[in-house]
Every structure is written in C-alpha cells, then in structure tokens.
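Inspection log for the structure reproduced underneath, given as structure tokens.
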Amino acid sequence: MEQVKVCILQSDGTNCDNELFYAFKKVGGSPEFVHVNELRDKSRSLKDFDILALPGGFSYGDDIASGKILAIELISFLKAEIEKFKSGGGLIIGICNGFQTLVRTGLLPFGNLGKMDATLDNNDSGHFECRWIDLKSEKSKCVFLKNSYKGHFAVNHGEGKFFSQPSVIKKIEDQNLVVFRYVDESGNPTQEYPENPNGSINAIAGVTDPTGRILGMMPHPEKFVDSTQYPNWRRETLRQAQDKPHGLFIFEDMVNYVKEDK
Amino acid sequence: MIHKVRVAPRNSKIEKRDAFKKVKVYRLEGISLEDTKILAEKVLSEELTQICSIDKQLVKEKVIEVAYKPGVMNPEVSSIMKAASDLGIKLLAADSSYEYVLPINQHNLYNPLTEYIMEEEPETLVIKGVPGKTEIVPLRKMNEEELLEISKDKLFLNKDEMKVIQNYFEDLKRDPTDLELETLAQTWSEHCAHKTFKAKIILDGKEKEPLFKRLKDEALKHDKNIVSAFVDNAGVMDFYDGWAINGKAETHNAPSAIEPYGGAMTGSGGVFRDVVATGQGAKAVVSTDIFCLADPNMDKAKLPEGTLPPDYILKRVVAAVRDYGNRIGIPTNNGSFHFHDDFRAKPIVLVGAYGILPKDKAQKGEPRIGDIAVVIGGKTGRDGIHGATFSSGEMSDRTISVNATAVQIGNAIEEKITFDAILEARDKNLITAVQDLGAGGFSSAIGEMGEITGVTVHLEKAPLKYQGLSPWEIWVSESQERMLIILSPNNLNDFLKICKKYNVEATEIAKFDGTKRLQVFYGKEKVGDLDMKFLYGGLPQRVMKAISPRHSERSEEYNLYPSAMPQDDNGWIKLLEKTLSSGDVNSKESILRLYDHNVQGTSALPPFVGVDMDGPTDAAVIKPLLDKPYGLIVSHGLSPKKTLEDSYEGTIWSATEAISNYAAVGGDYKEACLINNYIWPFPDPQWLGKLDSCVDGVVDFMKALKIPVISGKDSLSATYRSSDGIVLHSPPTLAMSVFGKIPDVKKTVSSDFKKVGSVIVLVGKQDIRVDLKVLPKVLEAMYKAINTGKVLASHDISEGGLVTAIFEMCVGGNCGAFIKVESGELLLETAGCFIVEVENEETANELFKGIPYKILGTTTKDEKLSVEGLFSADMKQLQEAWSKPMKEIFGWNR
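Residue numbers (full-length UniProt numbering), protein chains in the order written: chain A, 1 to 262; chain Z, 1 to 894.
As structure tokens, this is what we get:
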C-alpha cells in the first residue's frame, strides 16, 4: 500500500508538533518532521509529501502578531514551492498557530498567497484561553471531510478571533468556505463566551480555500485522538461517545482522501 | 537615522474596553523611508484591524512612552530583525515600546527596574562600550573591616570565608583579580554551596549531623526507583521500557519580589533548563507553579518600603507563567496559592518541572581531557549579574537600587529552540553532558564540569548582546536561555549542523585539559587562575548554633476551628462562604484557563474536570509517551501557616498532603519520589532550630513511607530588613513535591462525583497530627481500591477541610450531597484523609476493611450541600462565593 507522507513543518517556537505527528501516525499516515530551514536550504522539499501540516505553537514567539513572522518567511522563500505543492494536488492543514500563519500568508480564505483578506485578532476576552469547546462542521468546499461532525475540542490561544470586513465574511459564507463553527449545547452557532471562546465573527472556527484542499482551524483536533486526552473521559455518560475520540476523523479523512486520490 | 512606526487597534471592541489606550511604537535604525514603509505595511501592522503612522504621532492626545531600558533584552527585536532580513531589508537595529495615552489611571504602569519613561529620542539603538579592564583587588593588605566592606552588597561572604580567601592569596604571594573573587563568591554562595545545609549543627549545645547528610543518608536507604539523586540538576527515577523521569523544583523569590514578571519568567526558564540539563538531556513534559503571597486586598499602607503591592505581584507572576510556559510549550498542570500577609516583603515563587529521558542517558558523562565545552542559545549580557550571591543575601530596602542587574526578562522561544537542538543531538549520541547556565553563569557551569580534569576558558569567544562587558561580567552573568554542552571535538561538526538547523547560536568556549586548574583568558590576558581543589574544597564547613523550638510553640489549636459553631442555616452558610472564598481555598480556575495545560497532548488529568470542567483535581496525570499507557503523576503539598505554627508537625502535614494528593488520583505511593524545598528566614539560631526540626520531619516521613527525597533546594533568605529597623520574616515553608509512575493512566480517578445516589465515604484517620504508622496503610488501601476500578471519585482533604472537599466534588459532578457528620469535623484539615465515592456501602466495606473509614452519606440530584441536623446550602450560592475572588482579578477581559 502506498504511504501517505505528511510534512510536519517546524519553526522556532512550534510546540504542538509531537501530538500532530502522533495523530497522523495513528490513522496510518507517514509523518516526518521538517524544519522550515531545511526547506529554505533545499535539503528537503515539499514535492516529497502529500500533506503539509502546520502545527500549533508560538512561531517566532508570535512577535508582532501570531504567525506573522513565519508567514513572511513562507511568502519570501517558499512561495513558488507552496504554489507548486497546491497545484500538484497536495493537501494543507493549519491548526491554531498553523491557521494563523495560513491566514497571514493569504492562503486562507481565498488562496491569495501574499494578500491577507482576513485576520485572527486578539480574543475578546483579552487573554489566552485554555478550555474545551463544542465544534460542529458543516457542508463546505473542503474536499476531504466526508461527513458532518460535532464534538469536543481543545482551544489554546490568545489570538483566535476570526475577523474581516462584512463584505469579505459574506463572500466566505457564500462560497461555502466555513468548515467549523463554535456551537452551544444544542448545536447552534454561538457568540456567547466561553462557548465561542474568542468572539469570532459568525462563530467561525475553521475555514477552507476555494479549492477545498486547505483547512485551517483554531481548535486542536490532534489533542483528542486518544480517549484519555479528553478531561472528562472518566465520566460514564461520555464513555460511549468516546469509542472514537472526536479529533480523529479529520486525520482519517485526510489520509483516506489521499489514498483514494493516488 | 531612526524611523518610528506607530500602530494602534482600529476601533475594535478591545480598544474601547481597555482601561487605557496604548500605541505600539517600533524604532527602525539604518534603513530608508521606503523600506520603513514596506516593513510598516507588511510586517508591523495589519490594515484590517490596525491603523499605522510613520514618523508622526498616531493619536491627538498627549502620551507617555514606556520602553525597556537599554540593555534589557526585548524578545521581539530578533523577530523584527528576522522578518526584515527575510524581506531583504538590512536593519542596523530595532526596538519596540508603548505610548500610553494620557491621562492614565493605572498603577504600576511599568517597572523601573527594567523599563523607563522615554523622554529623549535616542540617537542610536546600538549599545556601544569598551570592555572594562580586569582589576587586581588588593586583598592581602586589607583588615577585617575592609574585607567585610567589599563582601557586603557584592560578595555576600562572611568574615571567616573572606579570611580563607585572603590566606590563599597570601600563600600565592599575589592579589586576586576581580574575576577570581567573583568566582569564589558565587561558588561559595549559599545558593550554590548550601553552607547551612552542610554545616555542623549545634542544637541546644549538642552536636547534630548536617541537615543535608541526614536527608541523603535516609533517602539512599530507599533506592528501589532511584536512577540518580542529589548529584545532577534534577533527581531521576525509573520509568518504564528503558525510560526514566526526572524532576526539580526551585524558587525564584528574590528577583520576583522586585520584578515579579521577569523574576517568575526566569524562574520557569531556570527550572526548565535544570530538567533538560539532566544527564545527557531530557525533555520537559510538565510544570507546576506554587505561589505564596500576601493577600491581594491587603492594606497598602502596611507595605514596607522598597516592596511591591501584592495584587500587582499576583497579576505579574501569573502573566509570567502564562507567557513563558505557554510559549515554550510545557504544560502547566499543577500548582497552588497560599496567602499570608508576612509574605508581603518576600513572596515565594516556586516552579517545578518534570521530564523524561532514556535511562541509559540519565547520567552525565565525565569530561575527558581534550573534550570541549560549547555554549549554545542566548547571548551574554549584563543581565542577571550577581543573581546567585544576591538571592543568598537578606533583602533590604536597598535591594532594588543596588541589585538592579539581578533581574532579567525571559525569552521562551530562545530556550525552546535550544532544547530542540539538545534533544536531537542527544538522540544522535553527540553529547557527553549538558549543563545549565544558571546561577553563577559560566563560572559555575564550566567550573563544576571541569572540577576533576581542569579547564581552560576563553571568554572573548562568548557571544555578547552588546559590547562593553568586563571579563568578570561575562564570567558571572546569568543571562537566560544559555546551555553548556560538553562533547568530544570529533562530534563538534555534527553538533553545529544541528544547532544551525534550529537557529541556535553555538560557540566553543572552553577545553578540559588535565591541569586541575581553572584558567580563564580574555584574549591573551590571563584573568583568572584558581586551583580546583581550593575552589571546590576550600570552603570551610560552618558550625552553626541552633535553639530547638520551644515546646509551648507546638500549639494544640492547630487546625481551622471556628471559635463558636453557627446555630442555624444562615450562620453556617456565612461560615462556608467565608471559608470557600478565602485565598487558599477559592477557585483558581480563572487563572488556570490562562495557562496551557494540554500542549504536548499528554494530559490525562487536567487541573479542572467535571460536567462543566470546573471541579478542581488533586494531581496532574501525564502520559509522556503518547503511544504508551504509562502515567507520570505529579502533586505537591505545603502549608506556610502550619509550618509557622509548628515546624515539625507542619512539615509532616505538608508532606502528607503532597502524597495524599498523589494517592487521591490512584497513585501507588511506593512508586513515588519526593522533592523538598525549604524556604526559610535567614538562619539565626532560632530559625535554624526550626529548620532542624523541619528536616527531622522530612527524614521521619521518608522512614515511615520508605520512599526517598531525590532532589530539592533551600532558599534561606526569606527575611527583610528596612533601614528603619523593621524586620519581617516570611513564614517558614517546606514545600514537598511528589512525582511517580503508574503503568496505566486508565487506572486513575478524578475528583468529580460521577453519579447520583452513590455513597460518600471518609477514608483515613481524622487526626490533627498525622499518624505516620497508619498513613502508609491508608495510602496502600487507596491505591488498591482505585486500582479495582470501583472508586468512582476521590478527593483529598486539605485546606478548607472535609466540607470543602465534598463541595468541590459536587461542583465537578453538578450534584449535591447529603451527609451526616459532627459539626466539629466539617472544617478539620486532616491531611492523609480522603473523600471517596463508591456505588454502595458493601463496596466501601470491601475496599477499606482494616483501615479507618466511615460512611458519610450520599450524592443527590438536588444541588444542595446538606449536613443532617446542621444546614442545607444551595450549591450555586456557595459556588458563587468560591469562584468570585479570582474571577474579579483574572476573569473575562481582566
């Protein structure tokens, strides 16, 4: 069987790379750590990979703005390589700091590398949040997510408020680029804190690009691929639901999509 | 030429809600206006949410600008330089700061130790300077008074020690260099040499063994799990499958008292480095934070001069843990707060860290002749000079002005990449030993590593933050985020390649040479030459007098009894609200939500669980190897109030509380190791007597449980003196940390009640003084009971007593409880006791046969906490009182 090769991109301050590696491995992917310097000096190349995954963390300390410095680095040195990877059918996922980076490169939401159309602003709460929230996926352009899902996800960020001008938000909604929203107990998108932990417009938690091959999201699916990663795994009412940890499907769907595509 | 870019939020909600408006200012030196425009647009601002100006004011109002003092490291600068360079723009220098719009109503807007109000535009951001010359100190001709004068404020050595040094140089027929004196002062400082713990103790006229020897001798009797104890930067114990786990806890009190943000940050950074610099390198997997402070609402008039308000300290230490721990990606999963007004001058900031490493790389290799030392990570600056000697001295109102350089600001990312490089190099077998550059800087780290072979150092090679440092300053600087790697020269090239990949600067600085001397050069000039034997063996053992604590000080009124029991529901509810809202007991959830506790994906029991994830847990359970079920359990216990009252009983209580937290989640106490930290007032005979009985308590505790202390630290400077004669002693504190292993994290339990109608059991002997004979049996029963899977929930009784434990379990379960107990038992803080939830009474009888236990009642659907015959309290109301105090300080948009 063919391997699905995943490039876990590291830079100064990446810190969710191990759990992301583990998540891809668990669903049968073949992840490898690649430092951005190795792409810059061309000792390694994206052409050897099927999936490019940008993990969470504080790339370059999130100085100036979250993901900003890494975004500039990617645009300055890897623009052609990323364009080629994209047009060659590669999939890209950015989680938390990875999402912030993708938005600041312009890859999300409209695939305009080098032009920012949206941003991830400071949380309305005014500070970093580490908590669990409910997330629901919806029918979107995203090519690899098969079904709609609802589940518990961890959020760990200070700058996660998805924001843009109303006209841009409308365009994102009209093109079905919203993949995930923060929802309340009954499953409806919410602006209430802390269910919506950052005040994102229209409760947007994750988006794709017009090709549907790039996914960016603030919550961390890779932090719930084993049952014991969820704080309440001991509570009986949840044991049933946890036969499949809630974050796992994203990695399964991605890896399976690549396999079917090959 | 410097261009200024100003950036502010564009009418966002945040700006309106802010108590004050601020504008970010970037200064960019050595580039054209066109390039400044490019940087402003592409890097420094985002049009969607921000407004921006170049070389002109952004707001109409008057502003004041607060910037880091020149020379204080601003972590953002390297990112600005990098982004500019990636865009092909060559900056000469950069800086960032804030303009605050006047008028502002904000206390403590900045800390004058690290920041200043910028009134004059700087001509350049480049710090220039000519290195000072190495001075010869005319020590040989000094009299006693003169010796003490140069020791004060700088060397912190006593008369006898100064004389030993004088004699050494008399024998050599020369005077020392400033660098040599500094080397001796920091190597012989209390911080590095633990002179009190190694001293001969004369207690009430009778000689007793040194404190350290008592601890070590007892600990090594229980060596089943010990991989290394008392020899490395952290204690190491056995784990599973060829892995070992290590742990360390360390205070950073002195710097935190005067600059809490920088102090607590570098406290975190330092203890993380200790864990990573164990053996040939470990991965840090979890951290703990313990703070002892004065009540944040304390009357500010009571603050001694030269000290900071406790609410400011509280906010800043929390911000530091958040900013350092979150950025470096080490989860903060366990901690506590303890309030006592006598902490107002010298608070306790105690950070713990735990790691994992291959067992066969858990020992440091001994440097061989020809091996080299490479410094990696941050550059060396003037920051942190005299940290080791400073933290060993008493604090006074002169501390802030004299020791300004002892405070540093941390850069978590620099430390993170350094760790990344070390772990890759370790796995490629390139490293002989890793040493942390902490207290005492190069002097301490290189000296210690070269003690056996001897070492030659070339200080001029050390990468500097700015020019102008004298050789002795480079030598003892405690600049953060630096590590020393010892390796064979054959491995150097491969090692440098790894460093380059991670953007880590690496420079060879010393060579181990077989001379058995410490020889330090600055270029061709020899600036220091000391015999290793004298440096590490010359310090005279202290003989210290101690007076044993008077028996009457062992108070009978040892627990939190209210003097009169309330008579009705209302009276009880008031008392409960008061207890639950008190500093040591109230909910810290608002704080914990600021800390990342599931980065690395390893948490199997976070700080809060339950239906609404607001029920506090007892210990952290970490699954450090994602693909294995093995658990690392981490907990701690301390009670400054109790050790103040009775240093022996308080110590036993603290240690029992620590191991009970560990046992409450299902840990097997026999598979645990201990870390002890002593934070004590300056050891005069009275305080030393109390310290002596505290150490005896720790030894007795090890004896009773047959488990060892394998690491620890003492900080014996919790005394403050002001110029007008005010002396303030912080409460003496023994903080016990516990870490251990469990083969399957699924065999652990949480504190939230799981069901309605299940049985609530009290397990353990309700004794005001802990019965060390019964304790191991109770702990064993708890482990076995939880291991059967029949315990639905379990929580340890600690501050706030039995009723608080049950209350917190109800919070987690969104349920109530109906119990039957005597009124006097409700608030008893009996360590070594547990509240346990089981299905029914038969299960309780089966699980706890043979040890003290009793059935208290049942869980209820009705969300009320009721005690038969006494009161019935609404959970919502109690919960409001419990969560309010910290929410007011740290909640939404605070």
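Ideal Cβ placement from N, Cα and C applies to all residues, glycine included.
Worksheet item: Where does the unbroken alpha helix (DSSP H) through Ser-603(Z) begin, and where does it stop?
Response: No alpha helix (DSSP H) holds Ser-603(Z); the beta strand (DSSP E) holding it covers 603-605.
Worksheet item: Near Ile-400(Z), what residues of its chain come up, given a Cβ to Cβ distance below 6 Å and the 5 sequence neighbours on each side ignored?
Response: Its pLDDT being 40, under 50, Ile-400(Z) is placed unreliably in this model, and the coordinates cannot settle the point.
Worksheet item: Taking just the CA atoms, how far does Val-27(A) sit from Cys-7(A)?
Response: 15 Å
Item to complete: Please decide whether Gly-13(A) counts as near chain Z, where near means a Cβ-Cβ distance under 8 Å.
Response: yes
Discussion item. For a quick check, are the C-beta atoms of Leu-762(Z) and Gly-832(Z) less than 8 Å apart?
Written reply: no
Worksheet item: Can you find a C-beta in chain A that's less than 8 Å from the C-beta of Ser-287(Z)?
Response: no
Practice prompt. For the stretch 131-145 of chain A and the stretch 73-81 of chain A, state whether three or more C-beta atom pairs, one from each stretch, are separated by less than 8 Å.
Written response: no
Worksheet item: Can you tell me the Cα-Cα spacing of Lys-741(Z) and Ser-635(Z), whole angstroms?
Response: 12 Å
Worksheet item: So what does Ser-883(Z) bridge to, in DSSP terms?
Response: Answer by DSSP bridge pairing: none, since Ser-883(Z) is not bridged.
Practice prompt. Identify, in the order they occur along the chain, each residue of the same chain with its Cβ nearer than 7 Å to the Cβ of Gly-61(A), setting aside the five sequence neighbours on each side.
Written response: Gly-13
Worksheet item: Hey, quick one: how far does the alpha helix (DSSP H) through His-220(A) stretch, first residue to last?
Response: Neither: His-220(A) is in no alpha helix (DSSP H) and is coded neither H nor E.
Item to complete: Closer than 8 Å by beta-carbon distance: list the chain Z residues that pair up with Thr-228(A), in chain order.
Response: Ala-604, Lys-623, Val-745 and Lys-746
Practice prompt. Output yes if chain Z places a C-beta closer than 8 Å to the C-beta of Pro-231(A); else output no.
Written response: yes
Discussion item. At the 8 Å Cβ level, is Met-116(A) part of the contact set with chain Z, yes or no?
Written reply: yes
Fill in: Inter-residue spacing [alpha-carbon to alpha-carbon] between Asp-397(Z) and Ser-723(Z)
Low confidence applies to Asp-397(Z): its pLDDT is 48, below 50, so where it sits in the model is not reliable, and the reading given next is rough at best. One C-alpha to the other measures close to 7 Å.
Worksheet item: Is the beta carbon of Ser-479(Z) sitting closer than 8 Å to the one on Asp-383(Z)?
Response: yes
Worksheet item: Can you tell me whether Ser-167(A) is buried or exposed, with buried defined as 16 or more other CB within 10 angstroms of its CB?
Response: exposed
Practice prompt. Note down, in chain order, each residue of its chain lying with its Cβ closer than 6 Å to the Cβ of Cys-52(Z), except the 5 sequence neighbours on either side.
Written response: Val-7, Ala-40 and Ser-45
Item to complete: For my contact list, Gly-800(Z) and Thr-579(Z) are in at a C-beta cut-off of 8 Å; report their separation, rounded to the angstrom.
Response: 5 Å
Worksheet entry | C-alpha gap between Val-665(Z) and Glu-149(Z), whole angstroms | 54 Å
Worksheet item: Mapping DSSP to helix, strand and coil, what is Ala-244(Z)?
Response: strand
Discussion item. Distance check for Val-867(Z) and Val-811(Z), CA to CA, integer angstroms please.
Written reply: 17 Å
Item to complete: Use the C-beta contact count for Pro-489(Z): other C-beta atoms within 10 angstroms, 16 or more gives buried, fewer gives exposed.
Response: exposed
Discussion item. So for Gln-480(Z), helix, strand or coil by DSSP?
Written reply: coil
Discussion item. Tell me the residue span of the beta strand (DSSP E) that contains His-35(A).
Written reply: 30-35
Practice prompt. Would you list, in chain order, the members of the stretch 55-88 of chain A that have their beta-carbon closer than 9 Å to a beta-carbon of chain Z?
Written response: Gly-56, Gly-57, Phe-58, Ser-59, Tyr-60, Gly-61, Asp-62, Asp-63, Ile-64, Ala-65, Lys-68, Ile-69, Ile-72, Glu-73, Ile-75, Ser-76 and Phe-77
Worksheet item: Which value, in whole angstroms, describes the spacing of the CA atoms of Pro-176(Z) and Lys-198(Z)?
Response: 27 Å
Worksheet item: Does any residue of chain Z bring its CB to less than 8 Å from the CB of Ala-53(A)?
Response: no
Discussion item. Applying the 10 Å Cβ sphere with the 16-neighbour rule, what's the burial state of Asp-17(A)?
Written reply: buried
Worksheet item: In its own chain, which residues sit with a C-beta less than 6 Å from the C-beta of Gly-329(Z), not counting the 5 before and 5 after it?
Response: Val-599
Discussion item. What are the residues in the stretch 63-79 of chain Z lying within 9 Å of chain A by C-beta distance?
Written reply: Pro-75, Glu-76, Val-77, Ser-78 and Ser-79
Worksheet item: Just curious, the alpha helix (DSSP H) that His-191(Z) is in, first and last residue?
Response: 190-193
Worksheet entry | Buried versus exposed, by CB contacts within 10 Å (16 or more), Lys-533(Z) | exposed
Worksheet item: Can you tell me where the alpha helix (DSSP H) with Tyr-502(Z) in it begins and where it stops?
Response: Note, Tyr-502(Z): premise wrong, no alpha helix (DSSP H); not H, not E.
Worksheet item: the stretch 139-158 of chain A: which residues have C-beta closer than 7 Å to a C-beta of chain Z, in chain order?
Response: Ala-154 and Asn-156
Practice prompt. Thinking Val-72(Z) and Thr-114(Z) are a contact (beta carbons under 8 Å), I'd like their distance in whole angstroms, please.
Written response: 5 Å
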